[in-house]
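Residue numbers (the numbering used here): 24 to 93.
Structure, rendered in structure tokens:
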């Protein structure tokens with residue numbers, strides 16, 4: 024079958040207002056891992072033959088590095 028298309032979006036939520044989308048990553052990621060301090064997140068795509076890791080600064084959504092994982 025076709026692979027699932029999983030995108031990751033970040034929203035800002037304010038009381039009394041509809042959530043505002045801040046960033047959407049269109050690449051296919053199937054895992055995410057937050058830093059304990061909350062500023063950094065690792066977006067990962069793990070498959071049977073390896074995957075990729077994207078290291079993101081959640082303050083401005085800059086992708087700091089992308090690496091392959093085997």
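Every residue gets a Cβ at the ideal spot worked out from N, C-alpha and C, and that includes glycine.
Just so you know, these numbers come straight off a predicted model, no measurement behind them.
Does the Cβ-Cβ distance between residue 63 and residue 81 come in under 8 Å? Mapped onto the chain shown, residue 63 falls at position 40. Mapped onto the chain shown, residue 81 falls at position 58. Yes, they are a contact pair.
Might you give, ordered along the chain, the residues of its own chain that have their beta carbon closer than 6 Å to the beta carbon of residue 36, omitting 5 neighbours on each side? In the chain shown, counting from the first residue as 1, residue 36 sits at position 13. These residues qualify, in order along the chain: 42.
Tell me whether residue 66 is buried or exposed, calling it buried when 16 or more other Cβ atoms sit within 10 Å of its Cβ. As a working mapping, residue 66 is identified with position 43 in the chain shown. Label assigned to residue 66: buried.
State buried or exposed for residue 56, treating a residue as buried only when at least 16 other CB atoms are found within 10 Å of its CB. The residue given as residue 56 occupies position 33 in the chain shown. With fewer than 16 Cβ atoms within 10 Å of its Cβ, residue 56 is classed as exposed.
Residue 52 versus residue 38 - alpha carbon distance: In the chain shown, residue 52 corresponds to position 29, counting from 1. In the chain shown, residue 38 corresponds to position 15, counting from 1. Cα to Cα, residue 52 sits roughly 29 Å from residue 38.
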